[in-house]
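As given, the protein sequences belong to chains A and B, one line each in that order.
So for the first sequence, the numbering used here puts the first residue at 673; every next one is plus one.
So for the second sequence, the numbering used here puts the first residue at 673; every next one is plus one.
Glycine is no exception: its CB is placed at the ideal position from the N, C-alpha and C atoms.
There are 2 protein chains.
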Amino acid sequence: MEQDNNTHIVIMAGGIGSRFWPMSTPDYPKQFIDVMGVGKSLIQLAVERFSSLCPLSNFWVVTSEQYVGIVQQQLPEIPLDNILAEPEARNTAPCIAYACWKIKCRFPNANIVVTPSDALVIDVIGFRKVIAQALSFTQERKAIVTIGVKPSRPETGYGYIKTFSSSIKNEVVKVEAFKEKPNRKVAEDYLADGHYFWNVGIFVWHVNMIMEAIRKYTPELARVMDNMSLSFYTDDEKRVIGELFPTCEKISIDYAVMEKAKEVYMLSAEFGWSDLGSWGSLHSLLPQDMDGNSAVGSEVRMIDCAGCVVHTSDERKVVIEGLKDYIVAEKNGQLLICRLRNEQMIKEWGR
Amino acid sequence: MEQDNNTHIVIMAGGIGSRFWPMSTPDYPKQFIDVMGVGKSLIQLAVERFSSLCPLSNFWVVTSEQYVGIVQQQLPEIPLDNILAEPEARNTAPCIAYACWKIKCRFPNANIVVTPSDALVIDVIGFRKVIAQALSFTQERKAIVTIGVKPSRPETGYGYIKTFSSSIKNEVVKVEAFKEKPNRKVAEDYLADGHYFWNVGIFVWHVNMIMEAIRKYTPELARVMDNMSLSFYTDDEKRVIGELFPTCEKISIDYAVMEKAKEVYMLSAEFGWSDLGSWGSLHSLLPQDMDGNSAVGSEVRMIDCAGCVVHTSDERKVVIEGLKDYIVAEKNGQLLICRLRNEQMIKEWGR
Chain A
673 MEQDNNTHIV IMAGGIGSRF WPMSTPDYPK QFIDVMGVGK SLIQLAVERF SSLCPLSNFW
733 VVTSEQYVGI VQQQLPEIPL DNILAEPEAR NTAPCIAYAC WKIKCRFPNA NIVVTPSDAL
793 VIDVIGFRKV IAQALSFTQE RKAIVTIGVK PSRPETGYGY IKTFSSSIKN EVVKVEAFKE
853 KPNRKVAEDY LADGHYFWNV GIFVWHVNMI MEAIRKYTPE LARVMDNMSL SFYTDDEKRV
913 IGELFPTCEK ISIDYAVMEK AKEVYMLSAE FGWSDLGSWG SLHSLLPQDM DGNSAVGSEV
973 RMIDCAGCVV HTSDERKVVI EGLKDYIVAE KNGQLLICRL RNEQMIKEWG R
Chain B
673 MEQDNNTHIV IMAGGIGSRF WPMSTPDYPK QFIDVMGVGK SLIQLAVERF SSLCPLSNFW
733 VVTSEQYVGI VQQQLPEIPL DNILAEPEAR NTAPCIAYAC WKIKCRFPNA NIVVTPSDAL
793 VIDVIGFRKV IAQALSFTQE RKAIVTIGVK PSRPETGYGY IKTFSSSIKN EVVKVEAFKE
853 KPNRKVAEDY LADGHYFWNV GIFVWHVNMI MEAIRKYTPE LARVMDNMSL SFYTDDEKRV
913 IGELFPTCEK ISIDYAVMEK AKEVYMLSAE FGWSDLGSWG SLHSLLPQDM DGNSAVGSEV
973 RMIDCAGCVV HTSDERKVVI EGLKDYIVAE KNGQLLICRL RNEQMIKEWG R
């Protein structure tokens, strides 16, 4: 049943958040955790962020089969039909295609935003304006709009979008190229250049536009989706998805479509965005005491500590003395104490 | 009913172990904890240590009312009648007097060892020999025998026993004086002198001898005990103890009796004794890895750490990176991370 509001939000929530062990584990990853200590998980914050744009019945979550129960529990207002379970992770292109093909079934005029579930936005009002602007752009013309955040540092952890013209804030400009995560030197050049923006993984498009682009640039993926779609909203859907979805090539939407498509635009924005990709980024976003410590937990006492980030879930009382620039994280019977500068090792330790 | 074996062991188990927070808490203190990670609590190790000397029906535990359940659970072989509950802590003299008066009731010829519950002995065989020697000494003559450990360092955390003659190992000698915990300078003098030994709080005496000494040097305490004893082994015991025991003066056995009595002897011994009074002493007693780390816990991984002591109870997986000379302790929803050199603060933090 088509609604008056043809905006749809697709939230990708299949990540396992291994860089945040032990707060985040494959059983209960980052997007489902109250990382900021505000009483809401990251995916709940994401839904809230978009909630002014369309009714919750227009929200879609694509996630791993094992997280479907968590999504239902945390987001009970989202219709069960709108929670799409990937039988296995095949990167973003199959994930997005699945959502768009399914939306097309019942909402053939859908204007879609695709977003990650585990990023953080500080200026939610500004963010909503940017998304609304992108949606009205794709409503009016055949275009793919990405959101580009003006870089504030030579970040090597993100991909970049290069624009033809030196974009100004809140202006839609043509994209010249998508760039993989750069090394430090290249990232510094990008920052100085002024034509490069952080690719935050938010895409806006009309359902017809993205399906057309996938058919054109990744015909094999489109073929699998066409076959899958025969089962949508039937009792056979789960079985068919289980059979066909894993046959999709593991490929990112950037590589499958964005880098090849012609009508790709970018809307540049500054809304205090973070992918919360590391303890360091979390540390910088949480409120800090006078010694630069940030703590999430019920009763955390820090004595003679500086520059630490503490995140405890199960502990009722925590005393930390004499640590400088450390991560202390505890959850579900697992404890990590390590220097912030060595956090790239956490992924391995948590295995 | 008198047994053939007239040896009785009195274990004092009323301490709250506040220097070991959060491993030890007033709800479940040190003596009931598997501090060494050997699968047995300190009090279980204490019972085991004495178990060759007499049957378990000759063991007595004096503890706080709130720990009676824990004692029963951890030491089910000890008769319930032999677990004596102090309605409130009144230091060691009333505690010991209560046990001795009660033992006298049914075992008028008892030869008694009094011991703390929370110390550690490395050479258990040597220890048993020393205790047996002391017991045969007090069996044959009217004497109080204390155990003195030859000091290996100028320890300021223990009281000292001064002997008249420069004692040799496994020899019973006359005691000249009991000394309070010394300052560093005095402790160094004691160590150099050769007449000073650590008072480890183990006393051996015949029940008649200690009762006589208490009557002589602390008549008021003896009077309360005489009144209490009318209720022993009756339904009225708990009520009477609850009423009378708190009227005892708070006084240590050293001060009440030992410092005044004439026939006081010491048996000097070297059996690897520690009162486990601090995280530092635990650290030095636990097995250490090549970097001087010692860890008790199910899965503790230490990377680039040195000189640390780790004790976790609830955690299933612990990763610690980049710490030097720290304590990491976790139990029952409470977590402590602090430098070993600041451990004197723990008592306060744990409140």
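With histidine 955 of chain A as the anchor, note down where its alpha helix (DSSP H) starts and where it stops.
Taking the first residue of the first sequence as position 1, residue 955 of chain A is located at position 283. Boundaries of the alpha helix (DSSP H) harbouring histidine 955 of chain A: 951-957, taken from the DSSP string.
Starting from asparagine 880 of chain B, follow the beta strand (DSSP E) in both directions and report where the run begins and ends.
If you number the second sequence from 1, residue 880 of chain B lands on position 208. That residue, asparagine 880 of chain B, is in no beta strand (DSSP E); its alpha helix (DSSP H) goes 879-889.
Please work out which residues of its chain come closer than 6 Å, Cβ to Cβ, to leucine 863 of chain B, disregarding the five sequence neighbours upstream and downstream, and give them in chain order.
For this step, residue 863 of chain B is matched to residue 191 along the second sequence. Leaving aside the five residues that flank leucine 863 of chain B on each side, the residues in its chain whose CB is nearer than 6 Å to its CB run, in chain order, Pro823 and Pro826.
Beta-carbon separation of valine 734 of chain A and cysteine 777 of chain A under 7 Å?
The sequence position of residue 734 of chain A within the first sequence is 62, counting from 1. The sequence position of residue 777 of chain A within the first sequence is 105, counting from 1. 7 Å or more divides the Cβ of valine 734 of chain A from the Cβ of cysteine 777 of chain A.
In whole angstroms, what is the alpha-carbon distance linking valine 1025 of chain B and valine 845 of chain B?
Residue 1025 of chain B falls outside the range modelled here, since chain B spans only 673 to 1023, and no answer is possible.
Flag glutamine 1016 of chain B as yes if its beta-carbon sits less than 7 Å from any beta-carbon of chain A, otherwise no.
Along the second sequence, read from residue 1 onward, the residue named residue 1016 of chain B stands at position 344. It does not: the Cβ of glutamine 1016 of chain B has no partner Cβ on chain A nearer than 7 Å.
If we count the other Cβ atoms within 10 Å of its Cβ and call it buried at 16 or more, is proline 694 of chain A buried or exposed?
Against the first sequence, residue 694 of chain A aligns to sequence position 22. Proline 694 of chain A comes out buried.
By a C-beta neighbour count over all protein chains shown, 10 Å radius and 16 as the cutoff for buried, is glutamine 738 of chain B buried or exposed?
Taking the second sequence and counting its residues from 1, the one referred to as residue 738 of chain B is at position 66. Around the CB of glutamine 738 of chain B, fewer than 16 other CB atoms lie within 10 Å, so the residue is classed as exposed.
N- and C-terminal bounds of the beta strand (DSSP E) containing cysteine 1010 of chain A
Position 338 of the first sequence, counted from the first residue, corresponds to residue 1010 of chain A. It spans 1006-1011 - the beta strand (DSSP E) in which cysteine 1010 of chain A sits, taken as one unbroken run.
Whole angstroms are fine: how far does the CA of valine 682 of chain B sit from the CA of tryptophan 732 of chain B?
The sequence position of residue 732 of chain B within the second sequence is 60, counting from 1. The sequence position of residue 682 of chain B within the second sequence is 10, counting from 1. Going by the C-alpha atoms only, they are around 5 Å apart.
Just to confirm before moving on: does the CB-CB distance between glycine 638 of chain B and serine 838 of chain B stay below 7 Å?
For chain B, the structure presents residues 673 to 1023; residue 638 of chain B sits outside this window and is missing.
Can you grab the Cα-Cα spacing for the pair serine 713 of chain B / valine 743 of chain A, in whole Å?
On the second sequence, position 41 is the one that residue 713 of chain B refers to. On the first sequence, position 71 is the one that residue 743 of chain A refers to. In a straight line, the C-alpha of serine 713 of chain B is about 44 Å away from that of valine 743 of chain A.
Should the stretch 905-921 of chain A be regarded as contacting the stretch 706-720 of chain A, the criterion being three or more beta carbon pairs within less than 8 Å?
Flag = no, the stretch 905-921 of chain A and the stretch 706-720 of chain A do not touch.
What is the DSSP secondary structure of tyrosine 998 of chain A, counted as helix, strand or coil?
As a working note, residue 998 of chain A is residue 326 in the first sequence. Assignment of tyrosine 998 of chain A by DSSP, reduced to helix, strand and coil, places it in the strand class.
Give me the subset of the stretch 779-803 of chain B whose CB atoms are less than 9 Å from a CB atom of chain A, sorted by chain position.
Residues of the stretch 779-803 of chain B with a C-beta atom less than 9 Å from some C-beta of chain A do not occur.
Per the contact definition of three or more C-beta pairs closer than 8 Å, is the stretch 783-790 of chain B in contact with the stretch 871-879 of chain B?
A contact is defined here as three or more CB-CB pairs under 8 Å, and the stretch 871-879 of chain B meets this definition with respect to the stretch 783-790 of chain B.
Using C-beta distances below 6 Å, list every residue in its chain close to valine 991 of chain A, excluding the 5 sequence neighbours before and after it, in chain order.
As a working note, residue 991 of chain A is residue 319 in the first sequence. Excluding residues up to 5 positions away in sequence, Arg973 lie with their Cβ nearer than 6 Å to the Cβ of valine 991 of chain A in the same chain.
Between the alpha carbons of methionine 708 of chain A and aspartate 997 of chain A, how many angstroms are there, rounded?
Counting from one through the first sequence, the residue named residue 708 of chain A turns up at place 36. Counting from one through the first sequence, the residue named residue 997 of chain A turns up at place 325. The alpha-carbon of methionine 708 of chain A is positioned some 19 Å away from that of aspartate 997 of chain A.
Give every residue of the same chain whose Cβ lies closer than 6 Å to the Cβ of lysine 702 of chain B, excluding the five residues on either side of it in the sequence, and list them in chain order.
Position 30 of the second sequence, counted from the first residue, corresponds to residue 702 of chain B. When the five nearest sequence neighbours on each side are left out, the beta carbons in the same chain lying within less than 6 Å of the beta carbon of lysine 702 of chain B are those of Gly689, Phe692, Ser696 and Asp790, in order along the chain.
Between glutamine 675 of chain B and chain A, is any beta-carbon pair separated by less than 7 Å?
Working through the second sequence from its first residue, we reach residue 675 of chain B at position 3. Its pLDDT being 43, under 50, glutamine 675 of chain B is placed unreliably by the model, and nothing is read from it.
Look at the alpha carbon of isoleucine 886 of chain A and the alpha carbon of aspartate 926 of chain A, and state the distance between them as a whole number of angstroms.
Here residue 886 of chain A refers to the residue found at position 214 of the first sequence. Here residue 926 of chain A refers to the residue found at position 254 of the first sequence. Going from the Cα of isoleucine 886 of chain A to the Cα of aspartate 926 of chain A covers about 11 Å.
Can you list, in chain order, the residues of its chain with a C-beta nearer than 6 Å to that of glutamine 811 of chain A? Leave out the 5 residues immediately preceding and following it.
As a first step, residue 811 of chain A is located in the first sequence; it is residue number 139 there, counting from the start. So the qualifying residues of the chain are Asn783.
For the 8 Å Cβ check, are there 3 or more pairs between the stretch 827-836 of chain B and the stretch 970-988 of chain B?
With the cut-off at 8 Å, the stretch 827-836 of chain B and the stretch 970-988 of chain B do not touch.
Between valine 936 of chain B and threonine 835 of chain B, which are expected to be in contact by the criterion C-beta below 8 Å, what is the C-beta distance as a whole number of angstroms?
Reading the second sequence from its first residue, position 264 is the one you call residue 936 of chain B. Reading the second sequence from its first residue, position 163 is the one you call residue 835 of chain B. Valine 936 of chain B to threonine 835 of chain B, Cβ: 10 Å. No contact.
Going along the chain, which residues of the stretch 988-1003 of chain B sit with their C-beta nearer than 8 Å to a C-beta in chain A?
If the cut-off is 8 Å between Cβ atoms, the stretch 988-1003 of chain B has Arg988, Lys989, Val990, Val991, Ile992, Glu993, Gly994, Leu995, Tyr998, Val1000 and Glu1002 near chain A.
Glycine 1005 of chain A versus chain B: which residues are under 8 Å apart at the beta carbon?
What you label residue 1005 of chain A is simply residue 333 of the first sequence in a count that begins at 1. Within chain B, the residues near glycine 1005 of chain A are Asp986, Glu987, Arg988 and Lys989.
Taking all protein chains shown into account, do 16 or more other C-beta atoms lie within 10 angstroms of the C-beta of arginine 762 of chain A, making it buried, or fewer, making it exposed?
Position 90 of the first sequence, counted from the first residue, corresponds to residue 762 of chain A. Buried is the call here.
Helix, strand or coil, according to DSSP, for serine 946 of chain A in the structure here?
Position 274 of the first sequence holds residue 946 of chain A. It is a strand residue.
Whole angstroms are fine: how far does the CA of glycine 994 of chain A sit from the CA of arginine 1013 of chain B?
One-based indexing of the second sequence puts residue 1013 of chain B at position 341. One-based indexing of the first sequence puts residue 994 of chain A at position 322. Annotation: arginine 1013 of chain B to glycine 994 of chain A spans about 10 Å, alpha carbon to alpha carbon.
By the 10 Å Cβ neighbour count, where 16 or more other Cβ atoms means buried, how is proline 751 of chain A classified, buried or exposed?
Residue numbering aside, residue 751 of chain A sits at position 79 when the first sequence is read from its first letter. Residue environment analysis places proline 751 of chain A among the exposed positions, since fewer than 16 neighbouring C-beta atoms fall within 10 angstroms of its C-beta.
Give the range of the beta strand (DSSP E) segment to which alanine 794 of chain B is assigned.
Position 122 of the second sequence, counting from 1, holds the residue named residue 794 of chain B. A quick correction: the sequence has isoleucine, not alanine, at residue 794 of chain B. It is not in any beta strand (DSSP E) - isoleucine 794 of chain B carries neither H nor E in the DSSP assignment.
Once the 5 residues before and after alanine 967 of chain B are set aside, which same chain residues still bring their CB inside 6 Å of it?
Numbered from 1 along the second sequence, position 295 holds the residue referred to as residue 967 of chain B. Only Val982 meet the Cβ criterion.
Less than 7 Å between C-beta atoms, sequence neighbours within five positions excluded: which residues of the same chain meet that for cysteine 772 of chain B?
By 1-based counting over the second sequence, the position of residue 772 of chain B is 100. So the list reads Ile784, Val879, Ile882 and Met883, once near-sequence residues are dropped.
Can you tell me whether DSSP reads glutamine 675 of chain A as helix, strand or coil?
Along the first sequence, one-based indexing puts residue 675 of chain A at 3. Since pLDDT at glutamine 675 of chain A reaches only 43, below the 50 mark, its modelled position is unreliable, and no value is offered.
Pick out whichever of B:Ile923, B:Asn871, B:Pro959 and B:Asn899 has its Cα sitting closest to the Cα of valine 710 of chain B.
For the purposes of this step, residue 710 of chain B is identified with residue 38 of the second sequence, where counting begins at 1. Check the Cα spacing between valine 710 of chain B and each of B:Ile923, B:Asn871, B:Pro959 and B:Asn899: the tightest is with B:Pro959.
Would a check of beta-carbon distances place arginine 1011 of chain A closer than 7 Å to chain B?
If you number the first sequence from 1, residue 1011 of chain A lands on position 339. Using a CB distance cut-off of 7 Å, arginine 1011 of chain A counts as an interface residue toward chain B.
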